[in-house]
Structures are given as structure tokens and as C-alpha cells.
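Enquirer: Below are the C-alpha cells for one structure; questions will follow.
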Amino acid sequence: MGFQALLVSKDEAASTTLTPVLSGFGVGAQCCSYSEALCRVAEQKYDAVIIDFDDPHSAALVLQATEQASAGNGAITIALLSDKTKVRNVFGAGANFVLYKPVSTEQAQATLRAATALIKRERRGSFRVPVQIPVQLRVQNGTEIEGILLDLSEDGMDLLAAQPTYPSAIVVANFTLPESNSEIEVRGEVAWANPNGQSGVRFVDMTENLRSTLQTWVLAHAQELPPEEPEPVAHCKLTDLSLGGC
Numbered sequence: 070m071g072f073q074a075l076l077v078s079k080d081e082a083a084s085t086t087l088t089p090v091l092s093g094f095g096v097g098a099q100c101c102s103y104s105e106a107l108c109r110v111a112e113q114k115y116d117a118v119i120i121d122f123d124d125p126h127s128a129a130l131v132l133q134a135t136e137q138a139s140a141g142n143g144a145i146t147i148a149l150l151s152d153k154t155k156v157r158n159v160f161g162a163g164a165n166f167v168l169y170k171p172v173s174t175e176q177a178q179a180t181l182r183a184a185t186a187l188i189k190r191e192r193r194g195s196f197r198v199p200v201q202i203p204v205q206l207r208v209q210n211g212t213e214i215e216g217i218l219l220d221l222s223e224d225g226m227d228l229l230a231a232q233p234t235y236p237s238a239i240v241v242a243n244f245t246l247p248e249s250n251s252e253i254e255v256r257g258e259v260a261w262a263n264p265n266g267q268s269g270v271r272f273v274d275m276t277e278n279l280r281s282t283l284q285t286w287v288l289a290h291a292q293e294l295p296p297e298e299p300e301p302v303a304h305c306k307l308t309d310l311s312l313g314g315c
């Protein structure tokens with residue numbers, strides 16, 4: 070199973086260190102600027118987004134855009150930080166991990182090992198079954214769009230539509246579950262979308278009966294998942310502690 074990461078940084082040294090480490094964990098890296106990242110995270114699905122905070126304002130915008138675009142998609146965010154005094158601000162803004170610059174190979178391996186384990190856990194938690202069946206979409210303005218369902222889980226689906234959709238759009242999808250003849254109508258929110266019409270939809274307002282139907286079908290058609298990997302252990306130093314965290 071391959072993963073994709075977006076590296077948002079102008080620091081060539083950091084990119085040179087991080088790219089082979091990511092590759093070693095089965096993560097492909099795409100590098101881009103801050104402005105380009107705002108478009109990419111809205112149009113493409115990434116498992117991880119690594120953001121350099123040398124430009125705090127631009128980095129914060131990319132982090133915010135990533136959180137909005139990856140709702141229900143579980144993108145892991147990693148901040149590159151030169152000023153250690155800003156670490157609380159970065160975590161408070163929503164980053165999952167922090168790498169301090171200049172980034173060493175050892176530091177990158179320890180942090181990215183933990184991040185990759187979290188990515189795999191997210192993937193397992195929303196395991197999807199590959200399918201290729203027709204789907205009819207109805208968007209908020211009443212427009213009906215034909216498409217093909219690409220994969221399905223009890224929480225969402227990936228599809229390829231005849232027309233592009235847009236993140237945060239509310240759609241109603243109608244399709245027939247393969248090998249069951251169950252007619253499904255489900256409401257969802259577009260979590261991410263590409264210009265070619267491919268998008269990811271997170272189901273919302275589901276009834277318990279519908280969720281149970283989808284869960285039963287997914288379990289019956291899912292391939293056997295690989296065993297859980299042991300939790301990575303990182304030796305750390307506690308720097309401060311409060312009732313809310315550390």
C-alpha cells in the first residue's frame with residue numbers, strides 16, 4: 070500500500086533529508102511552494118502534508134486548508150520548525166507532529182515512523198472495498214450527475230463523476246450494492262475533489278439501518294487486512310505539563 074505526502078518548503082536541505090526517509094516508509098513525496106500547496110490540498114488527496122513554518126503566515130494558511138480539505142480523510146500534518154519557542158503555537162494550530170530544523174536523518178526517521186504508523190491506522194479504520202458500479206449523484210442545486218463508484222466503506226466512498234464536484238458540497242448518491250441488490254440512497258459531503266471529476270465523499274446523517282447494511286457488506290467483501298504493526302516507541306524529553314496535556 071503506497072502513501073502520498075506533500076512537502077511544502079523552500080528549504081532544499083530539508084527536502085533532501087526528508088524525501089529518502091519518506092520513501093523508506095513507503096511514502097512518495099511531492100514538493101511545492103506555499104501558494105501551489107493551497108490548490109493541491111483542495112484538489113488532491115494526501116496521506117500526509119509536511120509544512121515548513123519559515124513563513125508562519127503562509128504555513129498557517131496551508132495547515133488550515135489541509136484540515137478543511139481532509140475532513141474525514143485523515144491527512145496527517147507535520148510542521149517543520151526552526152524556532153522551538155513556537156512549538157505550542159504550531160500544535161495549537163492543529164499540527165500532529167513537529168520536526169525541528171535543521172532536520173537530521175535520525176530525527177526524521179523517528180518522527181516519520183510514528184506518523185506512518187498513524188497513517189496506517191487511519192487507513193485501517195476506514196478500510197474501503199474496491200468496486201466499479203454506476204452511481205447517480207444529486208447536488209444541492211438539483212443537478213444530477215452520473216458517475217462510477219471506485220471504492221466504498223461504511224463511512225464514505227471514492228467516485229469518478231462526469232462533472233467535477235467541489236469540496237464541502239453536499240450530494241445525495243444512489244447506487245446498488247454489488248451481489249446484494251440493495252438499493253442505497255445516502256447523503257454525503259465532498260471531502261476532497263480533483264478537476265478530473267474524482268472525489269472523496271464522507272457520509273453524513275446516516276440511519277443505523279443503512280450504516281449496518283454498509284458495514285455488513287464491507288466486512289463480507291473486504292480482503293483480509295494485514296496484521297497490526299507494533300506501536301512505534303520514541304524516547305522523548307518532557308518539557309512541560311498541565312491538566313490538559315504535555
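One gets the working numbering by counting positions in the sequence shown from 1 and adding 69 to each.
Glycine included, each C-beta is placed from N, C-alpha and C at the ideal position.
(1) Please classify residue 216: is it buried, with 16 or more other beta-carbons within 10 angstroms of its beta-carbon, or exposed?
(2) Could you check whether the stretch 272-283 touches the stretch 209-225, counting it as contact only if at least three pairs of C-beta atoms, one from each stretch, sit closer than 8 angstroms?
(3) For the putative contact between residue 268 and residue 242, defined by C-beta atoms under 8 angstroms, what is the C-beta separation to the nearest angstrom?
(4) Exposed or buried, which one is residue 174 when buried takes at least 16 other CB atoms within 10 Å?
(5) For residue 109, count neighbouring C-beta atoms within 10 Å of its own C-beta (all shown protein chains included) and say buried if the count is 16 or more, exposed if not.
(6) I need the straight-line Cα distance from residue 233 to residue 291, nearest angstrom please.
(7) Output the distance between the C-alpha atoms of residue 238 and residue 114, rounded to the nearest integer angstrom.
(8) If we count the other Cβ atoms within 10 Å of its Cβ and call it buried at 16 or more, is residue 273 buried or exposed?
(9) What does a CB cutoff of less than 8 angstroms around residue 153 pick up in its chain, not counting 5 residues either side in sequence?
(10) Within its chain, find whatever has a CB closer than 8 angstroms to the CB of residue 265; leave out the 5 residues flanking it on each side and keep chain order.
(11) How long is the line joining the alpha carbons of residue 141 and residue 77, rounded to whole angstroms?
(12) From what residue to what residue does the beta strand (DSSP E) around residue 122 run?
(13) Cα separation between residue 181 and residue 80?
(14) Suppose only complete runs of 3+ residues qualify. What are the beta strand (DSSP E) ranges in the stretch 127-171, listed by chain order?
(15) Quick check: the Cα distance between residue 209 and residue 240, rounded to an integer number of angstroms?
(16) How big is the Cα-Cα spacing for residue 134 and residue 107?
(17) Measure the CB-CB distance between residue 117 and residue 96 and report whether it falls below 8 angstroms.
(18) Indicate the three-state DSSP secondary structure (helix, strand or coil) for residue 295 in the structure shown.
(19) For my contact list, residue 83 and residue 129 are in at a C-beta cut-off of 8 angstroms; report their separation, rounded to the angstrom.
(20) In terms of residue numbering, what span does the beta strand (DSSP E) encompassing residue 77 cover?
(21) Can you tell me where the alpha helix (DSSP H) holding residue 389 begins and where it ends?
(22) Tell me the start and end of each unbroken alpha helix (DSSP H) in the stretch 172-235 that is at least 4 residues and wholly inside, in chain order.
(23) So residue 148 and residue 159 are supposed to be a Cβ contact under 8 angstroms. How far apart are they, rounded?
(24) Between the alpha carbons of residue 309 and residue 172, how many angstroms are there, rounded?
Expert: According to the structure data:
(1) With 16 or more other Cβ atoms within 10 Å, it is buried.
(2) When C-beta atoms of the stretch 272-283 are compared with those of the stretch 209-225, three or more pairs fall below 8 angstroms, so the two segments count as touching.
(3) By a beta-carbon distance limit of 8 angstroms, residue 268 does not contact residue 242. Their separation comes to about 11 angstroms.
(4) Residue 174 is classed as exposed because its beta carbon has fewer than 16 other beta carbons within 10 Å across all chains shown.
(5) Burial is judged here by how many other beta carbons sit within 10 angstroms of a residue's own beta carbon; residue 109 has at least 16 and is buried.
(6) Roughly 28 angstroms between the two C-alpha positions.
(7) Between the alpha carbons of residue 238 and residue 114 lies a gap of roughly 16 angstroms.
(8) The Cβ neighbour count for residue 273, taken over all protein chains shown within 10 Å, is under 16; the residue is labelled exposed.
(9) For residue 153, where only same-chain residues beyond five positions count, the Cβ hits under 8 angstroms are 169.
(10) 229 and 233, listed in sequence order.
(11) In this predicted model, residue 141 has a pLDDT of only 47, less than 50, meaning its place in the structure is not dependable; the value taken from the coordinates is given anyway. About 22 angstroms.
(12) For residue 122, no beta strand (DSSP E) run applies, since DSSP gives it neither H nor E.
(13) Distance between the alpha carbons of residue 181 and residue 80 is about 18 angstroms.
(14) As far as the stretch 127-171 is concerned, its whole beta strand (DSSP E) runs of at least 3 residues are 145-150 and 166-169.
(15) Those two C-alpha atoms are separated by around 6 angstroms.
(16) Distance between residue 134 and residue 107, taken at the CA atoms: about 7 angstroms.
(17) For residue 117 and residue 96, yes; Cβs fall inside 8 angstroms.
(18) Low confidence applies to residue 295: its pLDDT is 45, below 50, so where it sits in the model is not reliable enough to give any reading.
(19) Contact doesn't hold; Cβ gap of about 18 angstroms is too wide.
(20) Start and end: 72-77.
(21) The structure shown does not extend to residue 389, since the chain is modelled only from 70 through 315, so no value can be given for it.
(22) Qualifying alpha helix (DSSP H) stretches, in chain order: 174-194.
(23) Their Cβ separation, rounded to whole angstroms, is 5 angstroms, which keeps residue 148 and residue 159 in contact under 8 angstroms.
(24) C-alpha separation (whole angstroms): 23 angstroms.
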